[in-house]
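Here is the structure we will look at.
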């Protein structure tokens, strides 16, 4: 059997309360008994004093001739019995029983007259040794006190008085007090037990909730919340648990997100490797094919030889550009920490790129118009220049002859737009993926991919749209501020 907190508390409470009740009961009982016996002693002392005074007065009115108890013992016993409502017995000087008077209204005293009790009387023996003494006798009907003392008047010994009193009411009051105390203790026990049960329930209930919530969290349920409104340490514990649970949930979510990123990165690397392999194999296959044809002993076609030479040269240039861009991409990833960052003024940089690319645009009967306002970016100058060389070059390759290329700079935004030949939705949707290009245009498909890598490192964004014959590349770069977090 599992010893729960409630069981431990209840058992401990019952044991502690029971021990305390027994001790208090015994102390109260002893105290009542002591007080009752003190009251009896005080009453017997008064009884001894008043009866001696009574006998002295009796002797003044009726002086005895020889022996007081022999001559007037019966009368004295009767009068004292009526006066004090006790049984009164007289013994002579030699210890012989002389007379006993018993009040008729005291049936218990009638039943336990001296001659019918058959008991020894140590208090009488003590009286003959010149001591006042009493003994207590507890019987079924009540409680009796036997009191004896020697009667001396004017230093003359006359005999012994024996008083038997019914003190049942006195000791019964003690029993009633003890009974009342017992009932009070039982009431207190039940009341405190119910209150303790309620309190333990209030304490245990949040603990049960916390235990259940802990099991749910260990099982992977991080959305459980413990509601405890007790205003004490348990509420603080529940609040701390909820905060811990939220922290765990955030950490698990972060781990899952990082795991997803790693999986996506791994997939991206795998796809990238496959694409690189494919992109390298394609020009090599073309070159190899033409080389095998023109290398045959029976080949004798000058026109086809010229065509083959042009294609081999074209594919060699394409392969060279691809290798150069792969090397550049690899250098960007490896040497990123070594590249110097500085505050770069964007309008002069973009305007310089447009001026450099204008000659290539003129070859295609295009012009580049650059306008706007200057702003600064915290980044690497060469990388930023590469971004705009690639975007303007991309506009030139896909542009329409005779149509200008508009480059606008201002407030963190740079856009490159111009009329363009039709571009498929697939190209637009995957414009920034590696090796996405229009076949036959002489590009490797890595230009915009490299641009996006650079822009992402600067916490910026880049997008490509094609609508109604207009191609638009939009770039946002966070402007540098002197008191910001950019440097």
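In my numbering, the protein residues as written are 5 to 491. The beta carbon of each residue, even a glycine, is placed where N, CA and C say it ideally should be. The structure presented is a predicted model; accordingly, all values stated were derived computationally and were not measured.
The alpha helix (DSSP H) spanning residue i covers which residue range?
i: residue 58; result: 9-65
i: residue 365; result: 350-367
i: residue 76; result: 72-88
i: residue 452; result: 451-461
i: residue 429; result: 429-433
i: residue 126; result: 126-131
Let me know if residue i comes out buried or exposed under the rule of 16 or more other beta-carbons within 10 Å of its beta-carbon.
i: residue 163; result: buried
i: residue 366; result: exposed
i: residue 356; result: exposed
i: residue 147; result: buried
i: residue 113; result: buried
i: residue 395; result: buried
i: residue 481; result: buried
i: residue 152; result: buried
i: residue 39; result: exposed
i: residue 491; result: The predicted model places residue 491 with a pLDDT of 46, which falls under 50 and marks its position as unreliable, so this point remains unresolved.
i: residue 484; result: buried
i: residue 18; result: exposed
i: residue 196; result: exposed
i: residue 141; result: exposed
i: residue 24; result: exposed
i: residue 438; result: buried
i: residue 161; result: exposed
i: residue 291; result: buried
i: residue 173; result: exposed
i: residue 50; result: exposed
i: residue 190; result: exposed
i: residue 287; result: buried
i: residue 303; result: exposed
i: residue 248; result: exposed
i: residue 308; result: exposed
i: residue 391; result: buried
i: residue 16; result: exposed
i: residue 145; result: exposed
Return the residue from the list the options that minimises the CA-CA distance to residue i.
i: residue 436; options: 370, 308, 211 and 458; result: 458
i: residue 313; options: 325, 324 and 299; result: 299
i: residue 434; options: 188, 453 and 146; result: 453
i: residue 207; options: 151, 265, 139 and 237; result: 237
i: residue 403; options: 429, 223, 173 and 370; result: 370
i: residue 54; options: 438, 410, 167 and 326; result: 167
i: residue 211; options: 267, 242, 173 and 189; result: 242
i: residue 512; options: 222, 9 and 155; result: Since the first and last residues shown for the chain are 5 and 491, residue 512 lies out of range.
i: residue 315; options: 293, 261 and 301; result: 293
i: residue 177; options: 41, 473 and 9; result: 41
i: residue 222; options: 196, 235, 256 and 200; result: 256
i: residue 43; options: 19, 149 and 96; result: 149
i: residue 455; options: 101, 246, 387 and 472; result: 387
i: residue 213; options: 195, 239 and 180; result: 239
i: residue 22; options: 103, 194 and 7; result: 194
i: residue 430; options: 470, 96 and 9; result: 470
i: residue 346; options: 380, 318 and 373; result: 380
i: residue 184; options: 249, 268, 270 and 33; result: 33
i: residue 473; options: 81, 376, 422 and 186; result: 422
i: residue 169; options: 126, 205, 354 and 111; result: 111
i: residue 186; options: 417, 13, 397 and 31; result: 31
Would you grab the beta carbon distance between residue i and residue j for me? Rounded to a whole angstrom, and I think it's under 8 angstroms.
i: residue 424; j: residue 475; result: 4 angstroms
i: residue 85; j: residue 106; result: 7 angstroms
i: residue 414; j: residue 462; result: 17 angstroms between Cβ atoms; not a contact.
i: residue 116; j: residue 92; result: Not a contact, Cβ separation roughly 14 angstroms.
i: residue 399; j: residue 420; result: 5 angstroms
i: residue 378; j: residue 349; result: 6 angstroms
i: residue 78; j: residue 103; result: 5 angstroms
Could you give the residue range of the beta strand (DSSP E) that holds residue i?
i: residue 303; result: Element bounds for residue 303: n/a, residue is neither H nor E.
i: residue 381; result: 380-383
i: residue 115; result: Residue 115 -> not in any beta strand (DSSP E); alpha helix (DSSP H) instead, spanning 111-115.
i: residue 101; result: 101-105
By DSSP's criteria, residue i is part of a beta bridge. Which residues make up the other side?
i: residue 423; result: 474
i: residue 374; result: 411
i: residue 154; result: 164
i: residue 469; result: 476
i: residue 140; result: 149
i: residue 170; result: 148
i: residue 93; result: 104 and 166
i: residue 403; result: 424
i: residue 417; result: 414 and 480
i: residue 347; result: 382
Check whether the Cβ of residue i lies closer than 7 angstroms to any heavy atom of the ligand ZN, and answer yes or no.
i: residue 390; result: With respect to the ligand ZN, the structure offers nothing, as it holds no ligand at all.
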